[in-house]
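Trainee: Same order as they appear, the protein sequences are chains C and Y. Residues in the first sequence are numbered from 7 upward in steps of one, following the working numbering. Residues in the second sequence are numbered from 550 upward in steps of one, following the working numbering. Beta carbons are placed, not taken as given, at the ideal position from N, Cα and C, and that holds for glycine.
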Amino acid sequence: MIGWIKDIYQTLFRFVRFPCEPETVAIGHPDKSSPILVTCNFDYTVRHLKAYLEKEALDCFLLVVNTKGTNVWCAAAEGIFTAEEVLSHLKVYNVRERVNHNRLILPQLSAPGVKRKALTEQGWEGIYGPVYFSDLKEFLHNGLTKNKDMQALEYGYWERFKMALSHAVFCTLVCILPILLFASDWWIQGIALVWYFAFSMQLIEHFIPLDRLLYKGLVLSLPVLALLWTSETDPVLKIQASMGILALSAYIGYDAQGHSHLGQNQKSGKLFAGIFAFSALVYGGTLLL
Amino acid sequence: MSFVYMKILESRPERYDVGMSLLTLGTLTKIKRQIAEHIHPGNQVLDLGCGTGTLAQMCLERGAEVTGVDANSGMLAVAKRNSPSAKYLNISLGNLDEHLGDESFDIILSTLTFSELTRAERIHVLKQIKRVLKNGGKVLIGDEMIPENILAKCLYYAFRIPMRLLTWVITQTTTNAISNFDEDVREAGMKIVNCKSFMLGMFILLEIKK
Numbered sequence: 007m008i009g010w011i012k013d014i015y016q017t018l019f020r021f022v023r024f025p026c027e028p029e030t031v032a033i034g035h036p037d038k039s040s041p042i043l044v045t046c047n048f049d050y051t052v053r054h055l056k057a058y059l060e061k062e063a064l065d066c067f068l069l070v071v072n073t074k075g076t077n078v079w080c081a082a083a084e085g086i087f088t089a090e091e092v093l094s095h096l097k098v099y100n101v102r103e104r105v106n107h108n109r110l111i112l113p114q115l116s117a118p119g120v121k122r123k124a125l126t127e128q129g130w131e132g133i134y135g136p137v138y139f140s141d142l143k144e145f146l147h148n149g150l151t152k153n154k155d156m157q158a159l160e161y162g163y164w165e166r167f168k169m170a171l172s173h174a175v176f177c178t179l180v181c182i183l184p185i186l187l188f189a190s191d192w193w194i195q196g197i198a199l200v201w202y203f204a205f206s207m208q209l210i211e212h213f214i215p216l217d218r219l220l221y222k223g224l225v226l227s228l229p230v231l232a233l234l235w236t237s238e239t240d241p242v243l244k245i246q247a248s249m250g251i252l253a254l255s256a257y258i259g260y261d262a263q264g265h266s267h268l269g270q271n272q273k274s275g276k277l278f279a280g281i282f283a284f285s286a287l288v289y290g291g292t293l294l295l
Numbered sequence: 550m551s552f553v554y555m556k557i558l559e560s561r562p563e564r565y566d567v568g569m570s571l572l573t574l575g576t577l578t579k580i581k582r583q584i585a586e587h588i589h590p591g592n593q594v595l596d597l598g599c600g601t602g603t604l605a606q607m608c609l610e611r612g613a614e615v616t617g618v619d620a621n622s623g624m625l626a627v628a629k630r631n632s633p634s635a636k637y638l639n640i641s642l643g644n645l646d647e648h649l650g651d652e653s654f655d656i657i658l659s660t661l662t663f664s665e666l667t668r669a670e671r672i673h674v675l676k677q678i679k680r681v682l683k684n685g686g687k688v689l690i691g692d693e694m695i696p697e698n699i700l701a702k703c704l705y706y707a708f709r710i711p712m713r714l715l716t717w718v719i720t721q722t723t724t725n726a727i728s729n730f731d732e733d734v735r736e737a738g739m740k741i742v743n744c745k746s747f748m749l750g751m752f753i754l755l756e757i758k759k
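1) Helix, strand or coil, according to DSSP, for C/E144 in the structure here?
2) Y/L638 bridges to which residues according to DSSP?
3) Whose Cβ in chain Y lies nearer than 7 Å to the Cβ of C/V98?
4) Can you tell me where the beta strand (DSSP E) holding Y/E693 begins and where it ends?
5) How long is the line joining the alpha carbons of C/L142 and Y/K740, rounded to whole angstroms?
6) Does any residue of chain Y have a CB that is nearer than 8 Å to the CB of C/P28?
7) Would you kindly work out how many angstroms separate the C-alpha atoms of C/F19 and C/D13, rounded to a whole number?
8) Roughly how many whole angstroms lie between the Cα atoms of C/G149 and C/G162?
9) Give the range of the beta strand (DSSP E) segment to which C/R23 is assigned.
10) Who are Y/Q593's beta bridge partners in DSSP?
11) Output needed for Y/G612: all residues of its chain with C-beta closer than 6 Å, excluding positions within five of it in sequence on either side, in chain order.
12) Give me whichever residues DSSP pairs with Y/K740 in a beta bridge.
13) Is C/I8 helix, strand or coil when you go by DSSP?
14) According to DSSP, what are the bridge partners of C/S285?
15) Could you list which residues in chain Y have their beta carbon closer than 8 Å to that of C/H95, in chain order?
16) Is the Cβ-Cβ distance between Y/I757 and Y/K687 less than 8 Å?
17) Mind checking the stretch 614-641 of chain Y against chain C and listing, in chain order, the residues whose C-beta falls within less than 9 Å of any C-beta there?
18) Note down, in chain order, each residue of its chain lying with its Cβ closer than 7 Å to the Cβ of C/S4, except the 5 sequence neighbours on either side.
19) Using only alpha-carbon positions, find the residue among C/A279, C/N108, C/I8 that is nearest to C/H54.
20) Taking all protein chains shown into account, do 16 or more other C-beta atoms lie within 10 angstroms of the C-beta of C/Q208, making it buried, or fewer, making it exposed?
21) Please report the residue range of the alpha helix (DSSP H) in which C/G196 lies.
22) Short of 7 Å in beta carbon distance, which residues of its chain neighbour C/K74, apart from the five on each side in sequence? Order them along the chain.
23) Spatial neighbours of Y/D646 within its chain, please: CB distance less than 7 Å, with the 5 preceding and 5 following residues excluded, ordered by chain position.
24) Would you check if there are 3 or more beta carbon pairs closer than 8 Å linking the stretch 636-652 of chain Y to the stretch 588-608 of chain Y?
25) Could you tell me the boundaries of the alpha helix (DSSP H) in which C/V225 lies?
26) Whole angstroms are fine: how far does the CA of Y/N684 sit from the CA of C/M156?
27) Only counting runs of 3 or more residues, tell me where the beta strand (DSSP E) segments fall wholly within the stretch 119-166 of chain C, in order along the chain.
28) Please list the terminal residues of the continuous beta strand (DSSP E) segment that includes C/E29.
29) Counting only Cβ pairs nearer than 8 Å, list the residues of chain Y close to C/E90.
30) Measuring alpha carbon to alpha carbon, tell me which residue in Y/G575, Y/Q593, Y/A628, Y/V567 is nearest Y/G650.
31) C/G85 versus chain Y: which residues are under 7 Å apart at the beta carbon?
32) Going by C-alpha to C-alpha distance, which of Y/K679, Y/N631, Y/A669 sits closest to Y/F654?
33) Just to confirm my understanding: we take C/R122, look at its own chain, exclude 5 residues before and 5 after, and list those with CB closer than 6 Å. What are they?
34) Report all residues from its chain with a CB closer than 6 Å to the CB of C/K273; omit the five preceding and five following residues, and keep chain order.
35) Pull up the DSSP beta-bridge partners for C/R300, would you.
36) According to DSSP, is C/C66 part of a helix, a strand, or is it coil?
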């Protein structure tokens, strides 16, 4: 399939795993002294990494380790991209026979999962490479040393936009049934709200000076609530819609914790459940009116 | 990734057995029972890709000493609750050489494990199986195959696509079928001595010897 079509659906459905075949592949014309690069079998990364290495004419061996299609950072944090898996891969594909050195260049973001000590015990030297593979050429030409820029993880607007797309698609799938059940006349507005919250949680949340993402989600509901209360006249509908907006903003704010391993464990679960219970109770109460 | 979805994924091992029973319409349980019938008291049994330990428990009940191996720590946590008397190793199947001695098991089992491996991994693991299997011991592998018969193959795809979707919704995982497994077994220096097929050849139970 054409690469860019794959890029689009793998971005939209980022929450699904997209595995490619685990393998040890020779890029260019590597010899026994060529570097060994390690990555996961997340199809998106492997396709782009291979294209980069070929474009830059970097002769090397690329180890595509089986993490069931999960990307490097997530797989390392989930404990499925580990030194154990790398060592297993090295044995299955007889990598030791293809080189005359023992250096493995690991993605820097694999550090939570791939422990270098475990590799050393088996006679391999693990070296964490740059965060982004676009720095690999410089890293390899500089004797495997990194400057500060190569170690910095950026979360720029393009990355935020792609994450927002994926989150919006996922939240739409989760919310579509409740929206159709509870607000069938307003389903377009409901889905538009899901996309508003998903995108604003990515693109502008860092301007909101609060610590928990759940609070930020609630803050983002304020302009929507203001619009509702100034434009709608039916008091029952106002309350019902407010509860829906409140629940939706709480859910999407809470859910956004999963976008970074650094943002998790915010201990918002009880508050999230409380907001949901409150919204359901009030909504239920309005049905008696 | 969605935080709620991550939490759902974390609870996947708890739902694994339900999902797999559904996907195989109970065939997996039937295969496990038939495998367990080969077990005798005192047998040293190795369960590769033991998952939640249901087969390990069946073997323990028949008086075997069981070692379960699985790379998934979440699955092993459930297995330890389900059948705590077994010994477990949280290792990747590619690293069996680090942990298991030569000719140390009478019977080696695996269900829906080989279909998760690539061909290179399958051959590597089969070679390790040959190494750790005692002379006169047997290997019992229950797994999913792509049927060779054209009609069965069509039925396979017609049935598997909706069932895979349903299973994925429940367990966020699925299985992949193997083809030409007999070649892998031969390449590892072993032979298939018995083959039973289930559900029009979609699932098979193989008995392999050195």
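Mentor: So, to answer that:
1) Taking the first residue of the first sequence as position 1, residue 144 of chain C is located at position 138. C/E144 falls in the helix class under three-state DSSP.
2) The residue given as residue 638 of chain Y occupies position 89 in the second sequence. Looking at the DSSP assignment, Y/L638 forms a beta bridge with Y/V618.
3) Taking the first residue of the first sequence as position 1, residue 98 of chain C is located at position 92. The answer, in chain order, is G643, A669, E670, H673.
4) In the second sequence, residue 693 of chain Y corresponds to position 144, counting from 1. Unbroken beta strand (DSSP E) run through Y/E693: 682-693.
5) Here the question's residue 142 of chain C lines up with position 136 in the first sequence. Here the question's residue 740 of chain Y lines up with position 191 in the second sequence. Each residue's Cα considered, the two are about 46 Å apart.
6) Locating residue 28 of chain C in the first sequence gives position 22, counting from the first residue. It does: the Cβ of C/P28 has a partner Cβ on chain Y nearer than 8 Å.
7) Position 13 of the first sequence, counting from 1, holds the residue named residue 19 of chain C. Position 7 of the first sequence, counting from 1, holds the residue named residue 13 of chain C. Whole-angstrom Cα-Cα distance: 10 Å.
8) Here residue 149 of chain C refers to the residue found at position 143 when the first sequence is read from its first residue. Here residue 162 of chain C refers to the residue found at position 156 when the first sequence is read from its first residue. Distance between the alpha carbons of C/G149 and C/G162 is about 29 Å.
9) Residue mapping note: residue 23 of chain C aligns to position 17 of the first sequence, counting from 1. No beta strand (DSSP E) contains C/R23, which DSSP labels as neither H nor E.
10) The residue you call residue 593 of chain Y lines up with position 44 of the second sequence. According to DSSP, which records beta bridges pairwise, Y/Q593 is partnered with Y/E614.
11) The sequence position of residue 612 of chain Y within the second sequence is 63, counting from 1. P590.
12) Within the second sequence, the letter at position 191 stands for residue 740 of chain Y. Answer is Y/K758.
13) Counting from 1 along the first sequence, the entry for residue 8 of chain C is found at position 2. Looking at C/I8 - three-state DSSP - the assignment turns out to be coil, as it is neither helix nor strand.
14) Mapped onto the first sequence, residue 285 of chain C falls at position 279. For C/S285, which the question treats as bridged, DSSP gives no partner whatsoever.
15) By 1-based counting over the first sequence, the position of residue 95 of chain C is 89. Near C/H95 (Cβ distances below 8 Å), the residues of chain Y are G643.
16) For the purposes of this step, residue 757 of chain Y is identified with residue 208 of the second sequence, where counting begins at 1. For the purposes of this step, residue 687 of chain Y is identified with residue 138 of the second sequence, where counting begins at 1. The answer is yes: Cβ separation under 8 Å.
17) A620, N621, S622, G623, N639, I640, S641
18) There is no way to answer for residue 4 of chain C, as the model of chain C reaches only from 7 to 295.
19) As a working note, residue 54 of chain C is residue 48 in the first sequence. The candidate whose alpha carbon is nearest that of C/H54 is C/I8.
20) Taking the first residue of the first sequence as 1, we reach residue 208 of chain C at position 202. So C/Q208 counts as buried.
21) By one-based count along the first sequence, residue 196 of chain C stands at place 190. 193-209 is the span of the alpha helix (DSSP H), which, as asked, contains C/G196.
22) Looking up residue 74 of chain C in the first sequence gives position 68. The residues are R23, P25, I86.
23) Start at 1 with the first residue of the second sequence, and residue 646 of chain Y comes out as number 97. The answer, listed in chain order, is Q677.
24) yes
25) Within the first sequence, residue 225 of chain C is the residue found at index 219, counting from 1. Element bounds for C/V225: 219-237.
26) Within the first sequence, the letter at position 150 stands for residue 156 of chain C. Within the second sequence, the letter at position 135 stands for residue 684 of chain Y. Those two C-alpha atoms are separated by around 54 Å.
27) 131-134
28) By one-based count along the first sequence, residue 29 of chain C stands at place 23. First-last of the beta strand (DSSP E) with C/E29: 29-33.
29) As a working mapping, residue 90 of chain C is identified with position 84 in the first sequence. Under the 8 Å cutoff, chain Y gives A620, I640, S641, N644.
30) Translated into the one-based positions of the second sequence, residue 650 of chain Y becomes position 101. Nearest C-alpha to Y/G650: Y/Q593.
31) Within the first sequence, the letter at position 79 stands for residue 85 of chain C. Result: S622.
32) Along the second sequence, read from residue 1 onward, the residue named residue 654 of chain Y stands at position 105. Taking only the C-alpha atoms, the option nearest Y/F654 is Y/K679.
33) Translated into positions along the first sequence, residue 122 of chain C becomes position 116. Result list for C/R122: G132, in chain order.
34) The count along the first sequence starts at 1 and reaches residue 273 of chain C at position 267. For C/K273, where only same-chain residues beyond five positions count, there are no Cβ hits under 6 Å.
35) Because residue 300 of chain C is not part of the residues shown, which for chain C are 7 to 295, the question remains open.
36) On the first sequence, residue 66 of chain C is found 60 positions in, with the first residue counted as 1. Correct three-state label for C/C66: strand.
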